[in-house]
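My numbering applies: residue 287 is where the sequence shown begins, and numbers increase by one.
All C-beta atoms, glycine included, are put in the ideal place defined by N, C-alpha and C.
Here's the structure, in structure tokens; my notes come after.
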Amino acid sequence: MIVGERILDVSGNKVPQQQIKGLNINIQLENVELNKDKNLEITYIYTAEYRDNVGEIKIKGLLIAKEDEKLSKEIVSTWKKSKKIPDDYATVVLSAVNYSGSANGTLLARVLNLTAPLIPPKIQLGKPQ
């Protein structure tokens, strides 16, 4: 369960007088580790890129999650081996990052005179076909 979050860094830019033609959202996980309290710490970068280089919002943050010890160790072990987290847990993490990025990105978008990076529906991972 996600129990906390910290925003570590924000940046943004906009090309003046350019028309916004679309938006791409990218979520990148940078690190997963256990802290001294045995909670998971998941570092991420949320990027809202406005098409045709009109602008960009980038938010680096840290999610804190409290899980049972077995699950926490499994998540960290999977991360260390493959730089991925288990699919069922990834859905929870990506949804939390997406919500936070959209909410916090909206404040930055207002300052930059960009459209808000709207919150799409809950993210779910599909099985490869």
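CA nearest to the CA of residue i, picked from the options
{"i": "tyrosine 330", "options": "Pro414, Gly387, Arg396", "result": "Gly387"}
{"i": "isoleucine 306", "options": "Gly290, Asn325, Arg337, Pro414", "result": "Arg337"}
{"i": "isoleucine 311", "options": "Ala376, Leu393, Thr333, Lys356", "result": "Thr333"}
{"i": "asparagine 321", "options": "Leu294, Ala389, Leu349, Ser368", "result": "Leu349"}
{"i": "leucine 394", "options": "Ile313, Ile293, Ile288, Leu357", "result": "Ile293"}
{"i": "proline 372", "options": "Val318, Gly347, Val289, Glu291", "result": "Val318"}
{"i": "serine 368", "options": "Lys356, Ser381, Lys344, Glu316", "result": "Glu316"}
Burial state of residue i (16 or more Cβ within 10 Å)
{"i": "asparagine 339", "result": "exposed"}
{"i": "asparagine 384", "result": "buried"}
{"i": "glutamate 353", "result": "buried"}
{"i": "glycine 308", "result": "exposed"}
{"i": "leucine 326", "result": "buried"}
{"i": "valine 379", "result": "buried"}
{"i": "glycine 290", "result": "exposed"}
{"i": "alanine 351", "result": "buried"}
Unbroken beta strand (DSSP E) run spanning residue i, endpoints
{"i": "valine 383", "result": "Per DSSP, valine 383 belongs to no beta strand (DSSP E); it is in the alpha helix (DSSP H), 373 to 398."}
{"i": "alanine 334", "result": "326 to 336"}
{"i": "asparagine 321", "result": "Segment: none, asparagine 321 is in no beta strand (DSSP E) and carries neither H nor E."}
Local conformation of residue i per DSSP, three classes
{"i": "lysine 344", "result": "strand"}
{"i": "lysine 300", "result": "strand"}
{"i": "alanine 351", "result": "strand"}
Start and end residues, alpha helix (DSSP H) containing residue i
{"i": "isoleucine 361", "result": "355 to 368"}
* Asked: Is the stretch 357 to 373 touching the stretch 386 to 404, taking contact as three or more C-beta pairs under 8 Å?
  -> Segments in contact, no.
* Pairing CB atoms from the stretch 288 to 301 with CB atoms from the stretch 391 to 402, are three or more of them under 8 Å? -> Counting Cβ pairs under 8 Å, three or more are found: they touch.
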